[in-house]
Amino acid sequence: TDNSGTVRASAGGTLVFDSTFRNTGIVEVQTGSMIDATSAYIQNSGQTVLDGGLFRTAVNINLSGGSLTGNGTIEGSVFSNASVSPGASAGLIAIDGNYTQAFAGNLLIEIGGFFPGTDFDQLAVTQTASLDGLLDATLIGGFSPSAGDAFDILTAGGGVTGTFGDINLPATPGVA
1302 TDNSGTVRAS AGGTLVFDST FRNTGIVEVQ TGSMIDATSA YIQNSGQTVL DGGLFRTAVN
1362 INLSGGSLTG NGTIEGSVFS NASVSPGASA GLIAIDGNYT QAFAGNLLIE IGGFFPGTDF
1422 DQLAVTQTAS LDGLLDATLI GGFSPSAGDA FDILTAGGGV TGTFGDINLP ATPGVA
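According to the numbering used here, the stretch in the sequence shown is residues 1302 to 1477, in order.
(1) Skipping 5 residues on each side, what residues in its chain have a beta carbon closer than 7 Å to that of Ser-1311?
(2) With distances taken from CA atoms, which of Leu-1316, Thr-1339, Asn-1345 and Asp-1337 is nearest Asp-1303?
(3) Could you please give me the residues that DSSP links to Thr-1462 through a beta bridge?
(4) Closest to Thr-1416 by C-alpha separation, out of Leu-1440, Asp-1433 and Asp-1453, would be which residue?
(5) Kindly indicate which three-state DSSP category Asn-1345 falls into: helix, strand or coil?
(6) Taking the alpha-carbon of Ala-1451 as reference, which of Asp-1352, Gly-1313 and Gly-1414 has the nearest alpha-carbon?
(7) Keeping to the same chain, check which residues put their C-beta closer than 6 Å to that of Asn-1361; ignore five residues upstream and five downstream.
(8) Which value, in whole angstroms, describes the spacing of the CA atoms of Ala-1391 and Ala-1425?
(9) For Phe-1444, which residues in the same chain have their Cβ closer than 7 Å to its Cβ, ignoring the five residues on either side in sequence?
(10) Take the Cβ of Val-1317 as the centre, count every other Cβ of all protein chains shown within 10 Å, and call the residue buried at 16 or more, exposed below.
(11) Determine whether the beta carbon atoms of Gly-1371 and Asp-1352 lie at a separation below 9 Å.
(12) Between which two residues does the beta strand (DSSP E) carrying Leu-1470 extend?
(13) Nearest to Ser-1320 by CA position, among Ser-1386, Ala-1359 and Leu-1408, is which residue?
(14) Return the Cβ separation of Val-1461 and Ala-1430 in integer angstroms, given the expectation that the two are a contact with Cβ distance under 8 Å.
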């Protein structure tokens, strides 16, 4: 199945993708709803939007372009050469599986306070996070951290391998 339009799981419903699903449009899963991909999910461009819902996959979610955004849960592993941006000015994406960010991948994080998922973005992975690509952090809401402040923007129950190839942190006046 090829999608270049909008596909939305809403009103507590479940959408089942039972054959390879290729996304170049928008795929959204809203609160109380679910997408169940029993075959490959491939995104070459476009958006996958978690709007409080659950995206379950039997095979890796393969993001070769576009973006994964919002708040919600993915049951399954994610391979990303795309932009991953938890929240909507701060939020949480939970991945019950592995997360692999490849060379062309970007993790976009907003920081506006000290509470994960509400004040700053967090990517919470239950298994292993394998890192490369870009970490790009920005400040929101006029927040200005102090020297020594720390933010768990990425957690991984199975540990972290690799490092971000490039890190862009916001300039903070008075912090060296």
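For each residue, glycine too, the CB sits at the ideal point set by N, CA and C.
A quick look at the data gives this:
(1) Only Gln-1331 and Ser-1334 meet the Cβ criterion.
(2) In terms of CA proximity to Asp-1303, Asn-1345 leads the group Leu-1316, Thr-1339, Asn-1345 and Asp-1337.
(3) Paired residue(s): Ser-1431.
(4) One detail in the question is off: residue 1416 reads as Phe in this sequence, not Thr. Measuring C-alpha to C-alpha distances from Phe-1416 to each of Leu-1440, Asp-1433 and Asp-1453 identifies Asp-1453 as the nearest.
(5) DSSP places Asn-1345 outside both helix and strand once states are collapsed to three, so it counts as coil.
(6) Of the candidates Asp-1352, Gly-1313 and Gly-1414, the one whose C-alpha sits nearest the C-alpha of Ala-1451 is Gly-1414.
(7) Ser-1378 and Phe-1380.
(8) Across the structure, Ala-1391 and Ala-1425 are spaced so that their CA atoms are roughly 14 Å apart.
(9) Short of 7 Å from the beta carbon of Phe-1444, and not among the five residues preceding or following it, lie these beta carbons of its own chain, in chain order: Ile-1412, Gly-1413 and Gly-1414.
(10) By the neighbour-count rule (16 or more Cβ atoms within 10 Å), Val-1317 is not buried but exposed.
(11) Result yes, Cβ atoms of Gly-1371 and Asp-1352 sit closer than 9 Å.
(12) Note, Leu-1470: premise wrong, no beta strand (DSSP E); not H, not E.
(13) When each option's Cα is compared against that of Ser-1320, the closest is Ala-1359.
(14) The distance from the Cβ of Val-1461 to that of Ala-1430 is about 5 Å, consistent with a contact at the 8 Å cut-off.
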